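Note sheet for the following structure.
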Ligand code: UN1
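In UniProt numbering, the protein residues as written are 5 to 517.
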């Protein structure tokens, strides 16, 4: 790690040996247990974090609810200016933060930088948005009346994020929430607490420089029990949660029980359909990046390829050949394509998935293995695998957060491939590789892909921030990031104003006194 400048990066980001995991802006305090963050890259302890106790949490919520009272009164374009400054600071810290993401989470440095770039992009997007929080105007059915709608700030937004995008997912939520006049309380994954602290340090500095109150952006660290405090807290009108479907179901039920709002971005089981009209070279690049990028730990990772039987052997051979070129190793070394999995638990799930696939009758095309020896001391590096399987296999129906790619065959028309693609519980991302206009349009039509994201001639991962991000079915239905995703961070109010001197009732009701 020393040779890749991790020490300097940590210093620049304000990470010390022991860090306060609880913070309301620049005011940091924590009295919970100590959490240690180990790097999956080399197995070394990076730093320690003092977690958030229930009493600390209460202080955070007090600061947040108080900050909201004044923050919501700042005009939206001025709030946008704060987010613009956040974007500037992220530009200055792109290298350091990208390195920390790569070192603490294990994704390739290129992808670490890419993640920080997503943060910068969403800040730019949110700045523009801060002058475009538009509502509609309507024509009233009554004379001398005017109707319109406006969007007001919602309150405290609780953000629960996952280890695989330890910084970008926070920023999608925080940048939008801030221009909307909300304040944030963020619980990052226990597996990547230092990424959370680094982001908090950056934003806290911006708030301090602008003399804004503590509590606009708060950080808490801890396990699922802390998450429970958030989800049960009726002072939090919106919980935005990213993670497994299992976690999302618990969050959804808890928040629904108090009639709060949730924005859920949960599991995916993303497929690329490869038709006889596909460009094979493009297919291989899209599929391989989709399957092994972030070591298969993106929500959008390509898990299934649904290949027409007439070209199956050719595509399978091209993929096997491409997998032979993959360099697996230290993700900070830019010549490597694939870094480690996040931890032993993930390695275990990867092993079990391969075992289960074989038990169910799968044929291994590129065998998996846990790598050992020099450079692989952390025990988290695995060989990406390709498995010939059937969509009906139990293991294929599940999301395994690891680089295991299932090849599935279809015959006949593209409708058959679409049926296979849709026949899973998840509905996040999907793609078709084809130069056939009819196939492409059918895939995008009402009877096509049932996912929140449907692409033509690109893979399933690597969405841009400008579109709404999220998916259907067990993916949870939420939409984050671009388009009009901001609306969930605000409350809509319909206003009807009577500027006449009589009081006519709607629906023509007569009520004379
Ligand atoms: C996630 O895996 O939770 O589309 C987010 C992508 C990235 C975001 C993934 N822009 O792959």
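Every residue gets a Cβ at the ideal spot worked out from N, C-alpha and C, and that includes glycine. None of these values were measured; they are calculated from a predicted model.
Where residue 165 falls: helix, strand or coil (DSSP): coil
Quick one, which of 337, 317 and 475 has its alpha-carbon nearest residue 412's? 317
Residue 107 at chain D interface by Cβ criterion, 7 Å: Absent here is chain D; the protein component of the structure consists of one chain.
To which residues does DSSP link residue 123 through a beta bridge? Bridge partners of residue 123: none, in fact.
Looking only at C-alpha atoms, which of 271, 266 and 290 sits nearest to residue 277? 290
Tell me whether residue 59 is buried or exposed, calling it buried when 16 or more other Cβ atoms sit within 10 Å of its Cβ. exposed
Between 235, 508, 165 and 309, which lies nearest to residue 421 when the distance is taken from Cα to Cα? 309
Quick check on the burial criterion: 16 or more other C-beta atoms within 10 angstroms. Buried or exposed for residue 447? buried
I'd like to check one pair, residue 274 with residue 518: are the Cβ atoms closer than 7 Å? In this structure the chain extends from 5 to 517, so residue 518 is not present and cannot be described.
Count the other C-beta atoms from every protein chain shown that fall within 10 angstroms of the C-beta of residue 433, then say buried if there are 16 or more, exposed otherwise. buried
Looking at the strands, I want to know which residues DSSP matches up with residue 431. 476
Closer than 5 Å: residues whose CB approaches a heavy atom of the ligand UN1: 169, 302, 303, 304, 465, 466 and 467
Residues bridged to residue 311 (per DSSP): 278 and 413
Note down the Cα distance separating residue 326 from residue 357, rounded to an integer number of angstroms. 22 Å
Assess, as a yes-or-no matter, whether the segment 388 to 405 is touched by the segment 421 to 430 under the definition of 3 or more beta carbon pairs within less than 8 Å. yes
Considering only C-alpha positions, which residue in the set 312, 302 and 408 is nearest to residue 287? 312
At which residue ranges does the segment 149 to 225 contain complete beta strand (DSSP E) runs of 3 or more residues, listed in the order of the chain? 149 to 157, 160 to 164, 187 to 191 and 221 to 223
Residue(s) in a DSSP beta bridge with residue 501: 150
Quick check on residue 518: does DSSP put it in helix, strand or coil? The first residue shown for the chain is 5 and the last is 517, placing residue 518 beyond what the model contains.
Backbone secondary structure at residue 485 - three-state DSSP: strand
Taking all protein chains shown into account, decide if residue 331 is buried (16 or more other Cβ within 10 angstroms of its Cβ) or exposed. exposed
When the distance is taken between beta carbons, is residue 181 closer than 7 Å to residue 414? no
Is it true that the CB of residue 77 sits closer than 7 Å to the CB of residue 55? no
With burial defined as no fewer than 16 other Cβ atoms inside 10 Å of the residue's Cβ, what is the status of residue 142: buried or exposed? exposed
At 3 residues or longer, and completely inside the segment 40 to 100: list those beta strand (DSSP E) runs for me, N to C. 49 to 54
Residue 515: buried (16+ other C-beta within 10 angstroms of its C-beta) or exposed? exposed
Is it right to say residue 135 is buried, meaning 16 or more other beta carbons lie within 10 angstroms of its own, or is it exposed? exposed
Given that a residue counts as buried once 16 or more other Cβ atoms are within 10 Å of its Cβ, and exposed if not, what is residue 34? buried
Run through DSSP, which three-state label would residue 266 get? strand
Pairing CB atoms from the segment 333 to 351 with CB atoms from the segment 256 to 272, are three or more of them under 8 Å? no
Here's a check: name, in chain order, each residue in its chain whose Cβ is nearer than 6 Å to the Cβ of residue 87, leaving out the five neighbours to either side. 127, 130, 131, 179, 182 and 183
How about the segment 64 to 76 and the segment 211 to 225: do they share at least three Cβ pairs that are nearer than 8 Å? yes
Going by the DSSP bridge assignment, what does residue 392 pair with across the sheet? 367 and 411
For the putative contact between residue 206 and residue 94, defined by C-beta atoms under 8 Å, what is the C-beta separation to the nearest angstrom? 7 Å
Rounded to a whole number of angstroms, what is the C-alpha to C-alpha distance between residue 307 and residue 295? 6 Å
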